[in-house]
Amino acid sequence: MHDDDQIEEFMSELYDKFYPQVMEGLEQMRAGGVHAGIEALSRPLHTIKGVTGFLGGFETASTFTHKVESFLKKVQAGDVELDDSVSSAAITAVNMVFQVIEQIRDTGGGPQDEMDGVLERIRLLSEPRTVQEETGKDGVRLSAGSGGVIAAIAMPRVHLPEQCRVLRDVLDRQEAGVPLILDFSGVRSVGSGLWEMLEAYAGRFPIHVAGMCPYVRGTFHGWGYGVLFTEHEHAAAVAEEAASSGISSGTSPVGTGSGRLA
Numbered sequence: 001m002h003d004d005d006q007i008e009e010f011m012s013e014l015y016d017k018f019y020p021q022v023m024e025g026l027e028q029m030r031a032g033g034v035h036a037g038i039e040a041l042s043r044p045l046h047t048i049k050g051v052t053g054f055l056g057g058f059e060t061a062s063t064f065t066h067k068v069e070s071f072l073k074k075v076q077a078g079d080v081e082l083d084d085s086v087s088s089a090a091i092t093a094v095n096m097v098f099q100v101i102e103q104i105r106d107t108g109g110g111p112q113d114e115m116d117g118v119l120e121r122i123r124l125l126s127e128p129r130t131v132q133e134e135t136g137k138d139g140v141r142l143s144a145g146s147g148g149v150i151a152a153i154a155m156p157r158v159h160l161p162e163q164c165r166v167l168r169d170v171l172d173r174q175e176a177g178v179p180l181i182l183d184f185s186g187v188r189s190v191g192s193g194l195w196e197m198l199e200a201y202a203g204r205f206p207i208h209v210a211g212m213c214p215y216v217r218g219t220f221h222g223w224g225y226g227v228l229f230t231e232h233e234h235a236a237a238v239a240e241e242a243a244s245s246g247i248s249s250g251t252s253p254v255g256t257g258s259g260r261l262a
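Listed below in C-alpha cells is the structure:
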C-alpha cells in the first residue's frame, strides 16, 4: 500500500495537470468537435489509467478508465456510430473517472452502482444497432386497469425526437386526473428532452416512474425531476397502490395496445 504522500502527489497532479486537459477535451466534444475532443483526452486518460494501476487501492479506477478509454477509441475509429447519445455517454463516462478516483481516496472504494450504470450504457452503445432496436418493436406497450395506465417503454434508449414522440402520443391520449405509470425497466439511457417533455404534462395527471436502472435514476435525480414525479421500484405495485387508494377515476383512459411510430 502506498503512503499518503504518494497519493496526495498523484491527486495534486490529477487536478493541476490532467483535469484542465480533460476539461478542454470535453469542451471540444460539447461544441461538436467530438473527434478532436477525444484526441485531446487520450493522453491524460492513458496516464491516469497507468498511474492508478500502479497505486495500491486504485486498481478499480484503472480498470474503469481503461474501459472508458476503449469506448472513446471505438468512437474515434468509427466502430461506434456517433450521435447525441454516444457523445453524452462519453462525456458522462470521462467525468465519472474523476468521481471514482475521489471516492476511492475518501472511502477506499468506488461508486459501484454509478460505475456499473455508466459501463452498461457504453457497452450497449458499442453494440450494433438497428432501427428496430432504436425505436422498439412497439415503442410503448400500454395496459389499462383500475389503478391507472401502465406505459412500459419498449425502447432501450430514449434520446431522439422520434422516440420521444412515441411517448408523447400516449400522453396526449391520457385522461386528465388518471394516474400514468411509466415503466422504465427496459430502458438503459434517456436524454433530458424526455423529462422536459414529461414536465409539461405534470399538471394534467399524476405521473409515476418505476423500474429505473442506476444510470437513468442518476440522471432523473441529478436533473431534479424527483420533485415532480414519484419514483417506485416496480410498476405493477404502483398500479395496485393507486387502485387501493382510490386516486383513479375508475375509467379506462386509453385502450390497451401499443404506441407506434407514425
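Going by the UniProt record's numbering, the first residue of the sequence shown is number 1, and it counts up by one from there.
The C-beta atom is built at its ideal place from N, Cα and C for all residues, glycine as well.
No experiment lies behind these values; they were computed from the predicted model shown.
Where residue i falls, given that 16 or more other Cβ within 10 Å makes a residue buried
i, result
"H159", "buried"
"E69", "buried"
"A176", "exposed"
"T230", "exposed"
"A31", "exposed"
"S12", "exposed"
"A239", "Reliability fails at A239, whose pLDDT of 49 lies under 50, so the model's placement of it is uncertain and no value is given."
"F18", "buried"
"A89", "buried"
Cβ neighbours of residue i in the same chain (closer than 8 angstroms, five flanking residues each side left out)
i, result
"S192", "T219 and W223"
"R188", "E120, R121, L124, P156, R157, C213, Y215 and V216"
Span of the alpha helix (DSSP H) around residue i
i, result
"V118", "Q112 to S126"
"residue 263", "Residue 263 lies beyond the stretch modelled for the chain, which goes from 1 to 262, so this question has no answer here."
"G25", "Y19 to R30"
"G37", "V34 to F54"
Close beta carbons around residue i, own chain, < 7 angstroms, minus the five adjacent residues each side
i, result
"D4", "none"
"P111", "Q99, V100 and Q103"
"V118", "T92, A93, M96 and Y215"
"E24", "A40"
Residue range of the unbroken beta strand (DSSP E) whose run includes residue i
i, result
"E231", "T230 to H232"
Residues near residue i in its chain [Cβ-Cβ closer than 6 angstroms; skip 5 each side]
i, result
"A36", "Q28"
"I7", "none"
"R204", "A176"
Anticipated Cβ contact below 8 angstroms, residue i with residue j, distance rounded
i, j, result
"I153", "L182", "7 angstroms"
"V75", "V22", "Rounded, the Cβ-Cβ distance is 16 angstroms, inconsistent with contact."
"T65", "I38", "About 14 angstroms; that fails the 8 angstroms criterion."
Checklist entry - Which full runs of the alpha helix (DSSP H) of 4+ residues lie inside the segment 142-182, going along the chain? => result Runs of the alpha helix (DSSP H) inside the segment 142-182: 161-173.
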